[in-house]
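The block underneath contains the structure these notes are about, expressed in C-alpha cells.
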C-alpha cells in the first residue's frame, strides 16, 4: 500500500505536500492569508470603484482621511491619515461664521479642514522616479520592466487631485452626480472638462482649479461644501477621497500603457498597508505588505504593529462547491457559510443561539456572526395602476400581500435561520432602529407573549376582500388577479426561490407571474417604472438612517429621475419629514421624526419589508479571533494567523483515498481475463474449423 | 356544484404543434401500412429485443408528454348571474392524475419515503424554550421533496414533456429548412448550390453554443418587451420553450441539409430521374415524387438520432443560462438546481439522482431505438 | 500549394463577413448601448449623464450603419458596424467593456485552454481508438455486445453529470487532486489531472462508438476478408489494414477540430476554474460583454475555417490520389 501511495504522490506531484494543495508550494508555512474572490473586480481606480468586490481590494491599498474604528460599536469614525478629525466651520451667505447648531436653512457653506500626518508614504512605484517617465512604454511588457522604483510622502495636493478626478469625464466616477450637488465648483469643473473632451482638447487636471477643494499648504486640505451635509464625514472614510499622486496619473497616461493594462484601474498606487503585487483577475490577486506603511497599531495594543500578515493571496473561485470544499480541506482560511452547507457546520443550541456542529468543533473552527447593515425588500411600484398609488384599495392590497409573504419561512428555507424579518427600512445597528415591541410593524406583525408573530393569513384575506379582490378575484367581474414579479434572479438557486414566491401569492388565490431577466433589462424596467413587483436589496454606504430612508424619498424616484427610490414612493408628509431628519444630529428629536416616518411607510406599505441577513462566517483555528467590522473596508491589516498550525492541519485533513485505484485495477484485470478467454475460445473455434 | 368537471380546455401553441406532429406520424403509419416494403423495414426495427424494449419505454414517455399536453383551466366559483370565470392557473391532464403528488407540498427537503423533513427547525415550545427538531410531514414522497418542498417524482414526470418537446419540435422547425435547402442545392447545383452551401458553412462556422445563447438573449428581450401577449404564466413559459426549439432548429439544420445534398447529387444522375427530366416533368414534381421519397430514410434516421442529442443539449444550455424558462420543469433546470445540493451535509442526493435516472432512461431508450431504426433503414447497416 | 491557400483565403472571406453581419444583427438587437452602459457603471447611482459619457468613451454613441453627421468616407466608417464589427478582420478585437484589450486577453487565455484541451484531445483519441479497436477485435462475441451497450449507456449520460460527479467523487471525497484551479508551468500538472480525466471519460461513449462503426465498415470490406483468408494474424489485419484504411475518415474528423482546441470547453473550464477562453466566453455571456462575445464568435469561425483548410491539406498528405489545385 505504501508503495502505491508513493507512486501516486510521485506521479502527480513528486513532493511531500498533500497532492491536492492548490496553492504554490513556496507559500507553505508563510504568513500568508489565503482567500478568494468570486468575480473579477472591474475597477480598482478609487474614484470609480463602488462594488463591494472592488472595495475589498482597494480598501487595503488606498487610505482615505478617515476610517471606522475597528472595535467600537456603534460604528464610529476616527482619523486615519489625519492628525485629528476634520474641523468643520459653518458659514452663512455673507461668509460669516455660524455656531455649529445653526439651522440648516441659514447655512450657505460648510468648510472642512483636514490636517495630514507627515509620515504617510506611498508604496514603491516607478512613477516616483523621474527617469522612469523617460522609458518608452511601448518597449516594456509590464511594470516589472521598469528597473527603479521609489516612494514619497503624501501631500495635500494629492487629495485635491483625487477630488478633481471625480469630475473627470474619462474616469466617470459614480459619485460625481451626488458630489456636484455639494462640493463647490465640482459641477462646473465637470462640465468644463466634458466640453473639452467633446472638442478633442487634452485634459490636464493639475492646471484646473477647484474652489471646493484647495491645498492650503503641504499638510492642509480645505473642502468647501454647499449648504450643510452631516453625512460628508462618512464619504471621507471611503476610497473616493484617498490621495492619488498626479505623477502616477501622468506616468500611466503615456501612449502604450493602457494596452498593457497599466492604468490606475489595474495597477493601483496607494499608501495603505498593502499594495497589489500581482493582478491576474482571471486567476489570482496578490497583496503584499507595503514596506513604507506608516506607524499603525492594533487598537489598545501598541506592540502589535499593523499589518499583521505579510501577504494575502486571493484566488478566483466562482462556484460554491469548490470553494467550500477547499475551505474544509484547509486551503482557505475563512469562509462565509452558504445556505446549503449550513447543517453540516452549525447547530442551534437549545437556547436558540447558533453553535458549531461537533464535526466542525473537532476541526477547531470558529464561528463569527454579525447582522449586516443591509436589507432586502419586495417593492410595489407605486406607479402601477393595480397596486400602486395612495388609494385605500391599493394600499390594502399591498398590506395583504405584505402579510402573505412569509419571510419567517423564507429565512428558514433559504437562509437557514440566518436573518431576521424586517419591520421597517432601518436595520439594527443603525440609528433609528427600534428593538422589541416598539419596533413591530403593526400591519404585518403582532407582539405576542414577548415574541414577534406574523399576522395570520385570515387578516390578509380580509384586507384583500376590503381591497375589492375577494379570494383573489375582482369583486365585480370575477376576473382573477394576476400580478407580475420582476427579478434578476439567476443561477442554481433561483428556481426554488421563484417557486416560493408563487406559493406565497397562491395562498391568497392571487396568481404570480415571475419575469426573470438579466440585470441589464431589470435596470431598464426599473428606470422606466414599468415593473409591478420587484425584489431588491440595499447595502449601507454609511451607518446613518438617511442612507436607508432616502430609498423612499419622493424626489429620489427611480422612474424618470433615476434616483434610488425604486418603488417610486411619494408621500409629501414623508418627504417633508425626511428633509428635516436628514440634517439632524443623532438625538431623541431625530428618533421622534424617524418614528413618524417609519409609521407612515409601514401603513402605506410601498415595500414588503423582507429580511435583514445575518453574516455567519467560519474561521479556521489558526486564525486570530477578531470581531467582524462590517462598515470598515480596510480590515485586512488587523487579520492574523499561525502558519505552522495551518500546515499541520492541512496534512491531517488531506490523505488521498487509495481503494478506488485498487477497484479500477481489479476491473482492468477482469476485462483482461475475459478478453483472454474470448481470444482462446476463438482460437479453439478456428482450430476446430 | 361539482368543480371537478367544470373546466375550460386551454390550448398552448406547443400543444397544437405536438399534436400536429403526432398526426403527421399517424398519417405516416397509415400510409406505411399500405406499403409492403416500408412495413418490412419497420418490422425489422421491432424485430430486435433492444428495439422493442426501447420503443416501449419511448411510448411510456410519449404518453406522459401527451397527457401533459392536454391543458385546461378549472372553473372558479362565480356569483350567480355572472359570466363563468376560470382560474388563471393552467393545468394538464397529467397534473390532474398526479393531484395527490402535486398538492402534497412540504416546506422543504425530505428524503424518499421519509416521515420528517430533512432539516431541523428551531421550535419555540410553550414554556418559551427553543428546541431543534425535524417537523413531521403529512404525505409520502417516493422520491422525496426538493428545496421548496415540491415532490421530486412529480417534477421529474413534468420534465418529460419539456425534453420531448425540445427533441421533437426542434426537428419540426429544422426539417423544412434541411429538406428544402438540402435537396434543392443537390438537385439544381450551380449558383443555388453555392448560395446554400455558403449559408450553411457560415452558420456552421459559428460555435453552436454562442450562437444559441445570443439568439436566446434576443428572444428574451422580445418576450419581456411584450408582456401583454401572455395572459398567464404557462403561455409565457410555453413561448420561451418554443423559441428555444426554433433557435435550435434554425441553427441545427445544416447537418441534415448536407447529407441530403450529397444524396440528391447522387440521385440526380440516376437514369429514372434523367428520364423524367427528358420527358419534361416539372422540377417540383420530380423533387416531390422521385427525390424526396428516396431520401426519406436519411430524414428518419437523422430525426431519431438527433432526438437524444437535443434532450441532452437542453441540460447544458440551462447551465450556460440559455435554456428554457427557469419556471418550466425540465431536466436541465433540475440538474442545475440540484448540483449545489451535493455539497450539503447530509447529502441531498435524490433530486440529482432522479433527474439522472429519468434523463438517462429517456436518452438511453432514444439511443437504442435510433440504433434499431438505423440498422433497419440504412441499406449498409442491413448487411 | 501556395495558390491553393490563397484561393482558400478568398473563399473564407465571405463566410467571415457573413458571420460578422449575423452577429452584429444579433448583438445589437439584444441590447442597446444604453443597456451596456448601465450594466458597466454598476447599480448604484447611475445618472443619464453618466450613461451618455460612457457611450462616448467606448465609442457606442455612433449610428448603426450610416452616419449622417460624418463627412465623405466617415459617413460609412464612423458607424457601429464598421468600428465594432468590421474591425475584427484586422484581428483588432477592440477593448472589452471593462477597458481591457481583448486581443491581449485572448492571447493570454488561449494557453490555459490549450493546456487542458490538447491533452484531453490526444489522450481521448488514443483511448477512443483503443476502445474501438478492442471491440472490433472481439466483434461478434459477448465482450463486444456488452461493450457496445455500455458505450450507449455512457453516451446517454449528460455531460454535466460527469463533471459534477467527477468533481465531487475524485476531488472532494477521494482527494486525488485540487478541486479546481490552475497554475502555469509544471506546477500546474496537478490541476490538469481532473479536467483531462473527466473530459476523456465524458466523450468515450460517442467517440468510441463512432470509431467502432468506422472500423466495422472497413472490416466488412473484401480486402480484409482476403487478408484473413490468406492467414494473416488478426492483429496484423487489425492494425495494418483496418486502422490504416480508416485513417482518412478519422483524419477528416480530427484535424478540423484542432484549431478550435484554443477555444477550450465552456463547462469544464468554468467548473474547474481554468482561466481559458471557455470561461472567458461564459463570463462574457453572463456579463453581456458584447465586444468579447463578438470577438469570440469571430475567432471561433476563423479557427473553424483554418481547420477546414488544414483538413484539405492533410488529406493530400495522407492520400496521394488527392491533388490540390
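Residue numbers (the working numbering), protein chains in the order written: chain Y, 8 to 696; chain A, 4 to 386; chain R, 376 to 700. A virtual CB, placed ideally from N, CA and C, is assigned to each residue, including glycine. None of these values were measured; they are calculated from a predicted model.
is_contact[residue i, chain A] using C-beta, thresh 8 Å
i: residue 1 of chain Y; result: This structure does not reach residue 1 of chain Y, given that chain Y is present from 8 up to 696, and the question cannot be answered.
i: residue 521 of chain Y; result: yes
i: residue 46 of chain Y; result: no
i: residue 637 of chain R; result: no
i: residue 453 of chain R; result: no
i: residue 505 of chain Y; result: yes
i: residue 601 of chain R; result: no
i: residue 391 of chain Y; result: no
i: residue 700 of chain R; result: Low confidence applies to residue 700 of chain R: its pLDDT is 48, below 50, so where it sits in the model is not reliable, and the reading given next is rough at best. Not closer than 8 Å to any Cβ of chain A, the Cβ of residue 700 of chain R fails to qualify, so no.
Proximity test, Cβ basis, 8 Å: residue i and chain R
i: residue 386 of chain A; result: In this predicted model, residue 386 of chain A has a pLDDT of only 33, less than 50, meaning its place in the structure is not dependable; the value taken from the coordinates is given anyway. It does; some Cβ of chain R falls within 8 Å.
i: residue 52 of chain A; result: no
i: residue 254 of chain A; result: no
i: residue 440 of chain Y; result: no
i: residue 9 of chain A; result: no
Cβ of residue i within 8 Å of any chain Y Cβ
i: residue 648 of chain R; result: yes
i: residue 516 of chain R; result: yes
i: residue 476 of chain R; result: yes
i: residue 387 of chain R; result: no
Proximity below 8 Å, CB of residue i to CB of residue j
i: residue 553 of chain R; j: residue 29 of chain Y; result: yes
i: residue 54 of chain A; j: residue 163 of chain A; result: no
i: residue 339 of chain Y; j: residue 42 of chain Y; result: yes
i: residue 626 of chain R; j: residue 508 of chain R; result: no
i: residue 272 of chain Y; j: residue 296 of chain Y; result: no
i: residue 479 of chain Y; j: residue 446 of chain Y; result: no
i: residue 373 of chain A; j: residue 307 of chain A; result: yes
i: residue 670 of chain R; j: residue 488 of chain R; result: no
i: residue 494 of chain R; j: residue 290 of chain Y; result: no
i: residue 266 of chain Y; j: residue 484 of chain R; result: no
i: residue 380 of chain A; j: residue 44 of chain A; result: yes
i: residue 520 of chain Y; j: residue 239 of chain A; result: yes
Residue i versus residue j: straight-line alpha-carbon distance, rounded
i: residue 399 of chain R; j: residue 324 of chain A; result: 21 Å
i: residue 488 of chain Y; j: residue 102 of chain A; result: 23 Å
i: residue 470 of chain Y; j: residue 638 of chain R; result: 58 Å
i: residue 399 of chain Y; j: residue 533 of chain Y; result: 24 Å
i: residue 615 of chain R; j: residue 377 of chain A; result: 29 Å
i: residue 440 of chain Y; j: residue 449 of chain Y; result: 15 Å
i: residue 285 of chain Y; j: residue 268 of chain A; result: 60 Å
i: residue 678 of chain R; j: residue 210 of chain A; result: 10 Å
i: residue 51 of chain Y; j: residue 175 of chain Y; result: 16 Å
DSSP bridge partner residues for residue i (one or two, in chain order)
i: residue 307 of chain Y; result: Residue 307 of chain Y is not bridged to any residue.
i: residue 618 of chain Y; result: Y/383 and Y/428
Within chain C, the residues that residue i reaches when beta carbons sit closer than 9 Å
i: residue 645 of chain R; result: Note that chain C does not occur in the displayed structure, where the protein chains are Y, A and R.
Practice task
May I ask you to list, following chain order, the residues of the segment 528-552 of chain R that have a beta carbon less than 9 Å from some beta carbon of chain Y?
Solution key: 539, 542, 543, 544, 545, 546, 547, 548, 549, 550, 551 and 552
Exercise for the section: Taking a Cβ distance cut-off of 8 Å, strictly less, list which residues of the segment 550-574 of chain R are near chain Y, in chain order. Expected result: 550, 551, 552, 553, 554, 555, 556, 557, 558, 562, 564, 565, 566 and 568
Practice task
Could you name the residues of the segment 203-223 of chain A whose beta carbon sits closer than 9 Å to any beta carbon of chain R, in the order they occur along the chain?
Solution key: 204, 205, 206, 207, 208, 209, 210, 212, 213, 214, 216, 217, 218, 220, 221 and 223
Exercise for the section: Could you run through the segment 608-625 of chain Y and flag, in chain order, every residue whose CB is less than 8 Å away from some CB of chain A? Expected result: none
Problem - Under 9 Å (Cβ pairs) to chain A, residues found in the segment 405-437 of chain Y - result: 416, 419, 420, 421, 423 and 424
Exercise for the section: Give the residues from the segment 283-312 of chain A that approach chain R closer than 9 Å (Cβ to any Cβ), ordered along the chain. Expected result: 311
Problem - Within 9 Å of chain Y by C-beta, residues of the segment 151-162 of chain A in sequence order - result: 151, 152 and 153
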